[in-house]
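*Asks:* Protein chains in written order, with the working numbering: chain A, 371 to 695; chain B, 4 to 491.
No residue lacks a Cβ here, since even glycine has one placed at the ideal position from N, Cα and C.
Sharing a structure here in structure tokens format.
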């Protein structure tokens, strides 16, 4: 049983691991917030458009694979453009991976909720295969790739930390996404389709299928970009455990933000805090990792419960969309 | 059954002095219906006349405010489907309620008790199918069945629950003509073997062809109850429609000549729905500038599909369509197709032409435009930022009409534009449609209320069973044509 001093110790460990020291905050929590922010913004866009992309994890992994390939194979030829090329490759791969689910939906009417989840497993297995087969490091000992060339790596934002410029990219994208959804025709179309596909079609003459596809691929692109940024900014190589479930946490991130891309910035940092804090508890207070993970899950359930209203709205839209497909 | 025998047969279903209100709306007022055993009883009436409500009360889906229900002479408590099913009443709804991903046997046992044995059910089903003459492919999934087969399955379902009184709610609305005659033949065979059928329909010819007795409802009251042999199409049509509503506004007078430019032209147009049924058959329609073309039709006639083609929301499966590009469309189902309740008025106005919009949304000018529409069209709303769902139905419709007619348009397509509106809002919508025609647009209006069509139209076409026919501006003639009666 936990006694009072233990509890204090555990909480202290959480604090030290997440926000309590500048290195935990900058090199831990903020670095971890970047992929959550990017995938979270993508998820928010998709959900707003009534598209249930649950495949952020797989799209992120495919983005990581593509960025790694560019970073390994063409970094030399690309010179200073290698980073940008890697990130673009990541985004394209994420969009394409999401596009598979989009085609399955428009061609065969398979719900994207199902296909995007399934594609997560396919992507995870593809990564396992890649790091043991075609992309494995030359000694063939470790299940990972060689590290990418220095010119294919994202520059650090602050020296002596692990914080890279990816966080600037994520912040700019979150604000841009908010602007797109509220101020542009593309964004308004997505919101209209997500809220009432029938009214969008009959009264706005909107091509509902095309808008859904765009939203799905855009959210896939952002997840793929997140994967590319992880490889070029954090790991410098492809591993099986490139993502500790960023794609899944990002769904909670988006929902807690009530699908508002700017609010995603805050909720992403919040979830990153939870995760780094849990790791700190495990490391410094000996809390078993399963307990830490369970605790994290409880917090997620509570916040989703609090934000439940937005889920309901989302589910209602879903029913309307399905009824008129 | 001969008329004398019909009158003597004991009643299978009796509804006595049924009253039902929904809020302020009187759905049924002292409605009476006596259906005798071994007969077909047709129940006729306009949309909203109370047919479906009466049937739902008979089947126990709805509880009457007052009145008595007797089945085979025994008084029912009412309001319970289980009770009426036990007493031998079954109902097949207009919108079939089967589970597509279930097999036929599984669908048949929905709502059953205890163990489900597919083999036993199949056995029972094949015996039932044999006895009743309703054939269905037993091993198919329901989603693979045609509409006709699904309907047969619905009837089998009712029979398997022991129904001897079948209520069929507009069973022919979804069927092709050959399937209709097959169904009617089956109905006759069923009653001659001792069953009883209540047939709710819009179609006079059908009613007269198959029924022994006919009851007509109008505005919740029974206005005619007679033996089928003692009446005819003309009298039925008159009693269905005759209670002419007070004219809301003087009828339109403009008459377009053949030299006026056409804004819509359909040549030999056919529309086939997802189920393979032809909804519009080789239609030829022209809409000219300045005229208001009234489209008269009863539900399920194919007019909805025709209006969608006119509004350029649907491509015809055959034939050629030429039309203007500036189209205003006022859909029948406002909540579903015309507005987004969670959006602001400005956003709802911005839906217009959204599909083709590029770049940045000009929200500031859209907001000013919406505020202008609110004033010009007399919408009662706190501001252009108010949520659409906070408005009353009449004000929502004002916003829709304002949005669609604020710009210069060539063609206006309005489907039941005043459904659910009060007199003031109705008059307003009518004025706007007339004004659009005066300004040179071609206007097409369909209304379930024939009086509304007549009040607005300068010319009328009737859609019946997918065929589009010219009709004179004459109430009785149009009423008869809508119900498929031969022109006298």
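Since residue 405 of chain A and residue 621 of chain A should fall inside the 8 Å C-beta cutoff, what is the C-beta to C-beta distance between them, to a whole number of angstroms?
*Replies:* Not quite, the Cβ-Cβ distance comes to about 13 Å (not below 8 Å), so this is no contact.
*Asks:* Along chain B, which residues have their Cβ under 9 Å away from the Cβ of residue 654 of chain A?
*Replies:* The contacting residues do not exist; residue 654 of chain A stays about 47 Å from chain B at best.
*Asks:* With DSSP run on the structure shown, which of helix, strand or coil describes residue 23 of chain B?
*Replies:* Three-state DSSP puts residue 23 of chain B in a strand.
*Asks:* I want to verify the contact list: residues of chain B whose CB lies under 8 Å from the CB of residue 576 of chain A, in sequence order.
*Replies:* Going along chain B in sequence order, the residues near residue 576 of chain A (Cβ under 8 Å) are 357 and 358.
*Asks:* Return the chain-ordered list of same chain residues with a C-beta closer than 7 Å to the C-beta of residue 403 of chain B, the five sequence neighbours on each side being excluded.
*Replies:* Contacts found: 333, 337, 341 and 342.
*Asks:* Give me the Cα-Cα distance between residue 250 of chain B and residue 429 of chain B, rounded to the nearest whole angstrom.
*Replies:* Interpretation of residue 250 of chain B is limited by its pLDDT of 43, a score under 50 that renders its predicted location unreliable; no figure is taken from the coordinates.
*Asks:* DSSP beta-bridge partners for residue 445 of chain B?
*Replies:* Residue 445 of chain B pairs with B:414.
*Asks:* Across the region 570-577 of chain A and the region 344-362 of chain B, are there enough close Cβ pairs to call them in contact, namely three or more that are closer than 8 Å?
*Replies:* Output reads yes: the region 344-362 of chain B touches the region 570-577 of chain A.
*Asks:* Using DSSP's beta-bridge definition, name the partner residues of residue 297 of chain B.
*Replies:* For residue 297 of chain B, which the question treats as bridged, DSSP gives the partners B:448 and B:463.
*Asks:* Could you name the residues of the same chain whose beta carbon sits closer than 8 Å to that of residue 276 of chain B, not counting the 5 residues immediately before and after it, in chain order?
*Replies:* Same-chain partners within the cutoff: 282 and 308.
*Asks:* Is there a Cβ of chain E sitting closer than 7 Å to that of residue 555 of chain A, yes or no?
*Replies:* Any reference to chain E falls outside this structure, whose protein chains are A and B.
*Asks:* Along the beta strand (DSSP E) that carries residue 377 of chain B, what are the first and last residues, could you check?
*Replies:* Run containing residue 377 of chain B: none in the beta strand (DSSP E); it sits in the alpha helix (DSSP H), 366-379.
*Asks:* Quick one: is residue 477 of chain A near chain B, going by C-beta distance under 7 Å?
*Replies:* Closer than 7 Å: no.
*Asks:* Using a Cβ-Cβ cut-off of 7 Å, state whether residue 364 of chain B counts as contacting chain A.
*Replies:* Chain A, which has a Cβ nearer than 7 Å to the Cβ of residue 364 of chain B, makes this yes.
*Asks:* Helix, strand or coil: how does DSSP classify residue 577 of chain A here?
*Replies:* In this structure, residue 577 of chain A counts as coil in the three-state DSSP scheme.
*Asks:* Between which two residues does the beta strand (DSSP E) holding residue 470 of chain B run?
*Replies:* 470-474 is the span of the beta strand (DSSP E), which, as asked, contains residue 470 of chain B.
*Asks:* Using a Cβ cut-off of 8 Å, pull out every chain A residue sitting near residue 354 of chain B, in sequence order please.
*Replies:* In chain order: 562, 569, 570, 573 and 574.
*Asks:* Using the beta-carbon of each residue, which ones in chain A are nearer than 7 Å to residue 345 of chain B?
*Replies:* Here the neighbours are 565.
*Asks:* Counting only runs of 4+ residues fully inside the region 433-500 of chain A, write out the alpha helix (DSSP H) ranges in chain order.
*Replies:* If we require 4 residues or more, the alpha helix (DSSP H) runs fully inside the region 433-500 of chain A come out as 445-448 and 452-478.
*Asks:* Strictly under 7 Å for the Cβ-Cβ distance: is residue 558 of chain A near chain B by that measure?
*Replies:* True, the Cβ-Cβ gap to chain B drops below 7 Å.
*Asks:* Going along chain A in order, which residues have a C-beta closer than 8 Å to the C-beta of residue 492 of chain B?
*Replies:* Missing from the structure shown is residue 492 of chain B; chain B here goes from 4 to 491 and no further.
*Asks:* Around the C-beta of residue 100 of chain B, are 16 or more other C-beta atoms found within 10 angstroms, so that it is buried, or is it exposed?
*Replies:* With fewer than 16 Cβ atoms within 10 Å of its Cβ, residue 100 of chain B is classed as exposed.
*Asks:* So which residues of chain A does residue 361 of chain B contact, with C-beta pairs closer than 8 Å?
*Replies:* Here the neighbours are 555.
*Asks:* What is the DSSP secondary structure of residue 404 of chain A, counted as helix, strand or coil?
*Replies:* Helix at residue 404 of chain A.
*Asks:* Using 7 Å as the threshold, is the C-beta distance between residue 453 of chain A and residue 500 of chain A below it?
*Replies:* For residue 453 of chain A and residue 500 of chain A, no; Cβs fall outside 7 Å.
*Asks:* From the beta carbon of residue 334 of chain B, is the nearest beta carbon of chain A less than 7 Å away?
*Replies:* By this cut-off, residue 334 of chain B is an interface position.
*Asks:* List the residues of chain A that residue 424 of chain B touches, going by C-beta distances under 8 Å, in chain order.
*Replies:* Correct list: empty, because the minimum Cβ distance to chain A is about 18 Å.
*Asks:* Apart from the five residues just before and just after residue 384 of chain A, which ones in its own chain have a Cβ nearer than 6 Å to its Cβ?
*Replies:* Answer for residue 384 of chain A: 647, 650 and 651, listed in chain order.
*Asks:* Comparing C-alpha positions only, which one of A:423, A:548 and A:615 sits nearest to residue 483 of chain A?
*Replies:* Of A:423, A:548 and A:615, the residue nearest in Cα terms is A:423.
*Asks:* In chain order, what are the residue ranges of uninterrupted beta strand (DSSP E) at least 3 long that sit wholly in the region 123-158 of chain B?
*Replies:* Within the region 123-158 of chain B, no complete beta strand (DSSP E) run reaches 3 residues.
*Asks:* According to DSSP, simplified to helix, strand and coil, what is residue 271 of chain B?
*Replies:* In the structure shown, residue 271 of chain B sits in a strand (DSSP, three-state: E or B).
*Asks:* Indicate the three-state DSSP secondary structure (helix, strand or coil) for residue 17 of chain B in the structure shown.
*Replies:* Residue state, collapsed to three classes: strand.
*Asks:* Could you check the C-alpha separation between residue 61 of chain B and residue 303 of chain B for me, to the nearest Å?
*Replies:* The straight-line gap from Cα to Cα measures roughly 24 Å.
*Asks:* Could you work out which residues of chain A lie near residue 316 of chain B, taking near to mean beta carbons separated by less than 9 Å?
*Replies:* Under the 9 Å cutoff, chain A gives 571, 572 and 575.
*Asks:* Compute the Euclidean distance between the alpha carbons of residue 78 of chain B and residue 482 of chain B, then round it to the nearest angstrom.
*Replies:* Their Cα atoms are separated by approximately 38 Å.
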